[in-house]
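For the protein sequence lines, the chains are F and V, in the order given.
Per this note's numbering, residue 474 is the first one in the first sequence, and the count goes up by one each step.
Per this note's numbering, residue 474 is the first one in the second sequence, and the count goes up by one each step.
Number of protein chains: 2
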Amino acid sequence: AVASPAIAQSAPEVRWRCTSSFPKSLDTIFGAAEDFARAVSDMTDGKFQIHVFASNEIVPGLQALDAVQAGTVEMCHTASYYYVGKDPTFAFGSAIPFGLNARMINAWFLTGGGLDMLNEFYKKYNVTMLPGGNTGTQMGGWFRKEINSVQDLNGLKMRIAGIAGQILQRLGGVPQQIAGGDIYPALEKGTIDAAEWVGPYDDEKLGFARVAKYYYYPGWWEGCAALNFFINQAKFNELPKTYQAVVRTAALMANQQMQANYDTKNPGAIKRLVAGGAQLRAFPQDVMEACYKVSNQLYDEISAKNPEFKKVYEAVRTFRNDSYLWWQVAEYTFDNFMIRARARGG
Amino acid sequence: AVASPAIAQSAPEVRWRCTSSFPKSLDTIFGAAEDFARAVSDMTDGKFQIHVFASNEIVPGLQALDAVQAGTVEMCHTASYYYVGKDPTFAFGSAIPFGLNARMINAWFLTGGGLDMLNEFYKKYNVTMLPGGNTGTQMGGWFRKEINSVQDLNGLKMRIAGIAGQILQRLGGVPQQIAGGDIYPALEKGTIDAAEWVGPYDDEKLGFARVAKYYYYPGWWEGCAALNFFINQAKFNELPKTYQAVVRTAALMANQQMQANYDTKNPGAIKRLVAGGAQLRAFPQDVMEACYKVSNQLYDEISAKNPEFKKVYEAVRTFRNDSYLWWQVAEYTFDNFMIRARARGG
Chain F
474 AVASPAIAQS APEVRWRCTS SFPKSLDTIF GAAEDFARAV SDMTDGKFQI
524 HVFASNEIVP GLQALDAVQA GTVEMCHTAS YYYVGKDPTF AFGSAIPFGL
574 NARMINAWFL TGGGLDMLNE FYKKYNVTML PGGNTGTQMG GWFRKEINSV
624 QDLNGLKMRI AGIAGQILQR LGGVPQQIAG GDIYPALEKG TIDAAEWVGP
674 YDDEKLGFAR VAKYYYYPGW WEGCAALNFF INQAKFNELP KTYQAVVRTA
724 ALMANQQMQA NYDTKNPGAI KRLVAGGAQL RAFPQDVMEA CYKVSNQLYD
774 EISAKNPEFK KVYEAVRTFR NDSYLWWQVA EYTFDNFMIR ARARGG
Chain V
474 AVASPAIAQS APEVRWRCTS SFPKSLDTIF GAAEDFARAV SDMTDGKFQI
524 HVFASNEIVP GLQALDAVQA GTVEMCHTAS YYYVGKDPTF AFGSAIPFGL
574 NARMINAWFL TGGGLDMLNE FYKKYNVTML PGGNTGTQMG GWFRKEINSV
624 QDLNGLKMRI AGIAGQILQR LGGVPQQIAG GDIYPALEKG TIDAAEWVGP
674 YDDEKLGFAR VAKYYYYPGW WEGCAALNFF INQAKFNELP KTYQAVVRTA
724 ALMANQQMQA NYDTKNPGAI KRLVAGGAQL RAFPQDVMEA CYKVSNQLYD
774 EISAKNPEFK KVYEAVRTFR NDSYLWWQVA EYTFDNFMIR ARARGG
């Protein structure tokens with residue numbers, strides 16, 4: 474009994490709320506927050522409970538970060554790039570067009586200095602960030618008409634957000650902000666010409682193939698999309714060190730689990746989509762080149778007026794270029810061989 | 474004080490030993506076991522301590538699994554494919570030639586049913602397995618002479634182990650088993666013509682470029698190499714549920730951390746190796762094709778006499794083929810564009 478006060482202190486009962494930016498129907502993304510919360514509970518003998526709320530249960534999805542910053546909830550599960558309106562530097566926590574692929578962003582976060590650099594930036598929002606999953610390279614979305622050259626982007630009304638929307642706009646496109654549930658009717662009526670969502674597994678559920686049959690790849694604006702846990706800094710600091718370690722470790726588990734989930738579920742979904750009539754199309758090379766060029770121009774312009782963006786951008790660009798120098802040697806060559814072998818019926 | 478016995482029971486003092494198959498000098502691999510042990514300690518307020526021992530401190534590196542099976546130590550950090558001599562089914566826990574890449578093997582383990590299937594097999598060795606890191610696609614190794622066609626494999630004395638060695642042998646090569654520290658002098662004297670090790674970061678430390686300048690890729694026998702934690706089943710069962718969750722979650726953290734470490738360190742190493750005179754060479758297409766064909770023959774032969782191998786092989790092959798069907802669409806196309814953009818000075 475002598476030791477019990479110390480034990481009680483190191484393992485207090487804690488109840489947190491985590492607001493997700495996602496609906497439960499996006500089960501792979503939403504599920505990562507549930508995986509995280511379950512692990513935290515399991516590792517603390519049920520003493521540290523985190524209740525995950527879907528988008529709109531506490532606050533709307535895109536106000537998740539604000540709720541954490543204000544201390545309304547202790548944490549949220551969201552995508553950093555939803556907040557580029559506050560500061561474009563938020564993009565780097567999730568994805569910038571022509572940025573890192575999934576393995577690279579995890580490497581940059583965990584051992585390349587990325588997480589420390591971003592958390593320095595997030596400080597002024599009273600939050601600290603942990604990786605919270607990844608989708609891998611996303612698809613470029615659903616198009617009612619084929620895109621045969623960069624000229625076809627002119628006047629194209631597309632549901633696409635953030636920095637990618639700005640890039641499309643510079644090439645004559647008309648980016649639109651439309652919530653997930655409203656995309657299908659807009660595509661069906663022709664109010665919009667195209668829409669990007671996530672990838673085969675999530676896209677299949679919304680049935681886009683029925684109203685926009687050309688399914689383009691790759692989503693050059695999301696070579697990967699990292700999800701994030703943002704935790705109110707003061708609430709995190711109040712936790713015993715033991716619970717802080719539990720939170721950090723559980724986040725990395727969930728980070729990996731979401732990617733595994735997508736990688737397991739996407740292959741079946743793309744097969745079903747193609748069997749159901751979706752026409753796979755690669756973006757033409759001139760479209761890719763034009764978008765790449767405009768992206769670089771945009772990054773230079775933002776960097777000229779935003780020193781924090783500039784600092785992180787230069788770190789990401791260097792990390793990306795070094796990473797691809799190596800990636801092309803062993804990893805890419807192996808994948809290349811395996812893809813050809815499979816196509817021949819291997 | 475009433476609650477203290479229950480608290481004490483749920484958080485007992487536990488001391489485990491983890492024997493690693495690796496020397497401390499392989500800091501990226503060895504370090505993953507240390508990361509794991511540190512997280513376990515941090516998450517249990519220091520109550521669950523796991524001491525990691527380098528290869529040969531308790532048992533030789535290749536006897537790690539036996540030590541866990543016998544209960545000499547509670548767990549080990551090793552590579553499952555070191556034990557193909559017991560049963561070739563052990564290969565699937567780490568790598569088979571022309572198998573899964575790193576993201577795919579994690580997906581297969583975590584959500585594709587792989588871990589459950591393998592743990593069913595490992596049961597008869599009294600162990601349970603958790604993922605313990607990954608190297609990504611390895612390099613094909615160091616060659617004193619260029620390999621211009623499959624004929625050049627004839628008579629080639631190469632330090633290469635396991636199933637890959639058997640494949641080389643069927644193509645006229647002479648596989649050799651040589652410990653890490655003995656490779657350099659063997660290559661220098663010409664006792665062997667080639668040697669494979671890991672990838673740029675680890676290879677650089679051994680200085681192979683000075684005695685065998687052709688550095689081949691990809692290591693088709695290791696599209697990725699997963700490392701593994703094997704835990705004595707009885708010892709795992711004795712742990713409180715809370716500690717079991719801690720062990721599982723910490724393993725997944727370490728699994729990801731090792732990959733991040735390699736992905737961050739390899740780019741600098743390959744630049745330095747090339748600057749120092751290493752000549753990068755891709756294996757000729759006919760070499761890749763011949764090795765692939767022989768691998769498939771070998772898998773069919775083993776499957777014909779080993780039902781457990783057959784069952785796992787068929788699961789891995791299906792998962793791999795489905796995975797590459799999807800991989801080639803978004804992920805590979807994105808990487809392809811980024812590699813070309815970087816090469817043009819992007």
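A virtual CB, placed ideally from N, CA and C, is assigned to each residue, including glycine.
Three or more C-beta pairs below 8 Å linking the segment 602-615 of chain F and the segment 682-701 of chain F: yes
8 Å contact criterion, which F/Ala-682 and F/Gly-749 should meet: CB distance rounded: On the first sequence, position 209 is the one that residue 682 of chain F refers to. On the first sequence, position 276 is the one that residue 749 of chain F refers to. Confirmed, about 6 Å.
Chain F within 8 Å of V/Leu-798, Cβ atoms only: What you label residue 798 of chain V is simply residue 325 of the second sequence in a count that begins at 1. Chain F, which has a Cβ nearer than 8 Å to the Cβ of V/Leu-798, makes this yes.
Contact with chain F by V/Glu-804, beta-carbon distance below 8 Å: For the purposes of this step, residue 804 of chain V is identified with residue 331 of the second sequence, where counting begins at 1. For V/Glu-804, the answer is yes, since a Cβ of chain F falls inside 8 Å of its Cβ.
Min CB distance F/Asp-620 to chain V below 8 Å: Counting from one through the first sequence, the residue named residue 620 of chain F turns up at place 147. For the record, residue 620 of chain F in the displayed sequence is Ile; it is not Asp. No, F/Ile-620 does not count as interfacial toward chain V.
Residue of V/Tyr-689, V/Gly-534 and V/Leu-535 minimising C-alpha distance to V/Tyr-620: As a working mapping, residue 620 of chain V is identified with position 147 in the second sequence. Position check: residue 620 of chain V holds Ile in this sequence, whereas Tyr was assumed. Cα-wise, what sits closest to V/Ile-620 is V/Tyr-689.
Proximal residues to V/Asn-734 (C-beta, below 6 Å), its chain only, five neighbours per side dropped: Reading the second sequence from its first residue, position 261 is the one you call residue 734 of chain V. Once the five neighbours on either side are set aside, the close Cβ partners of V/Asn-734 are Thr-501.
Cross-strand partners of V/Ile-704 (DSSP beta bridge): In the second sequence, the residue the question calls residue 704 of chain V occupies position 231. In the DSSP output, where bridge partners are listed per residue, V/Ile-704 has V/Met-548 and V/Thr-601.
Nearest-angstrom Cα separation, counted from F/Thr-806 out to V/Met-577: Here residue 577 of chain V refers to the residue found at position 104 when the second sequence is read from its first residue. Here residue 806 of chain F refers to the residue found at position 333 when the first sequence is read from its first residue. Rounded to whole angstroms, V/Met-577 to F/Thr-806 spans 16 Å at the Cα level.
Secondary structure of F/Thr-722, DSSP reduced to three states: By one-based count along the first sequence, residue 722 of chain F stands at place 249. F/Thr-722: helix per DSSP, three-state reduction.
Per DSSP, cross-strand counterpart(s) of F/Asn-809: If you number the first sequence from 1, residue 809 of chain F lands on position 336. None, per the DSSP bridge assignment.
Any C-beta of chain F under 8 Å from that of V/Gly-696: As a working mapping, residue 696 of chain V is identified with position 223 in the second sequence. So yes, V/Gly-696 belongs to the interface.
Three-state secondary structure (DSSP) of F/Gln-801: Residue 801 of chain F sits at position 328 when you count from the first residue of the first sequence. Here F/Gln-801 sits in coil by DSSP.
Within 9 Å of chain V by C-beta, residues of the segment 520-531 of chain F in sequence order: none
Where F/Thr-492 falls: helix, strand or coil (DSSP): Sequence index remark: in the first sequence, residue 492 of chain F carries index 19 (1-based). Strand at F/Thr-492.
From V/Asp-795, V/Thr-545, V/Gly-653 and V/Gln-536, residue whose alpha carbon lies closest to that of V/Trp-581: Within the second sequence, residue 581 of chain V is the residue found at index 108, counting from 1. That would be V/Asp-795, whose Cα lies nearest to the Cα of V/Trp-581.
8 Å contact criterion, which V/Thr-601 and V/Phe-521 should meet: CB distance rounded: The residue you call residue 601 of chain V lines up with position 128 of the second sequence. The residue you call residue 521 of chain V lines up with position 48 of the second sequence. Not really, about 17 Å apart at Cβ, beyond 8 Å.
Helix, strand or coil at F/Met-853 [DSSP, three-state]: In the structure displayed, chain F extends from 474 to 819; residue 853 of chain F sits before or after that span and is not available.
Endpoints, the beta strand (DSSP E) within which F/Lys-630 is located: Position 157 of the first sequence holds residue 630 of chain F. Here the beta strand (DSSP E) through F/Lys-630 covers 630-632.
Sheet register partners of F/Val-521 (DSSP bridge): What you label residue 521 of chain F is simply residue 48 of the first sequence in a count that begins at 1. The sequence given here places Phe at residue 521 of chain F; Val does not occur at that position. For F/Phe-521, which the question treats as bridged, DSSP gives the partners F/Val-487.
Unbroken stretches of the alpha helix (DSSP H), 4 residues or longer, contained in the segment 707-773 of chain V: 714-748
Chain-ordered chain F contacts of V/Ile-743 [CB-CB under 8 Å]: Translated into the one-based positions of the second sequence, residue 743 of chain V becomes position 270. Result: Leu-798, Trp-799 and Val-802.
Reduced DSSP secondary structure (H/G/I, E/B, other) of F/Gln-649: For the purposes of this step, residue 649 of chain F is taken as the residue at position 176 of the first sequence. Strand.
Helix, strand or coil at V/Gly-606 [DSSP, three-state]: Stepping through the second sequence from its first residue, residue 606 of chain V is reached at position 133. V/Gly-606: strand per DSSP, three-state reduction.
Own chain partners of F/Val-671 with C-beta closer than 7 Å, once the 5 adjacent residues on each side are dropped: Indexing the first sequence from 1 puts residue 671 of chain F at position 198. So the qualifying residues of the chain are Thr-608 and Gln-611.
First and last residue of the uninterrupted beta strand (DSSP E) at V/Tyr-595: Here the question's residue 595 of chain V lines up with position 122 in the second sequence. Where V/Tyr-595 is concerned, there is no enclosing beta strand (DSSP E), although the alpha helix (DSSP H) it sits in stretches over 587-595.
Cβ contact check for the segment 628-643 of chain F and the segment 662-671 of chain F: 3 or more pairs under 8 Å: yes
Min CB distance V/Arg-740 to chain F below 8 Å: Against the second sequence, residue 740 of chain V aligns to sequence position 267. In the sequence under discussion, the amino acid at residue 740 of chain V is Pro, which differs from the Arg named in the question. Yes, V/Pro-740 lies at the interface with chain F (some Cβ there is under 8 Å from its Cβ).
With 16 other Cβ atoms within 10 Å as the buried cut-off, status of F/Arg-721: For the purposes of this step, residue 721 of chain F is taken as residue 248 along the first sequence, with counting starting at 1. Result: buried.
Of the residues V/Ser-514, V/Phe-503, V/Cys-491 and V/Lys-497, the one placed nearest V/Tyr-716, counting alpha carbons only: As a working note, residue 716 of chain V is residue 243 in the second sequence. Comparing Cα positions, the closest option is V/Ser-514.
Buried versus exposed, by CB contacts within 10 Å (16 or more), F/Glu-711: What you label residue 711 of chain F is simply residue 238 of the first sequence in a count that begins at 1. Exposed, by the Cβ-count rule.
F/Ala-667, DSSP secondary structure in three states: As a first step, residue 667 of chain F must be located in the first sequence, where it is residue number 194. If DSSP states are grouped into helix, strand and coil, F/Ala-667 belongs with the strands.
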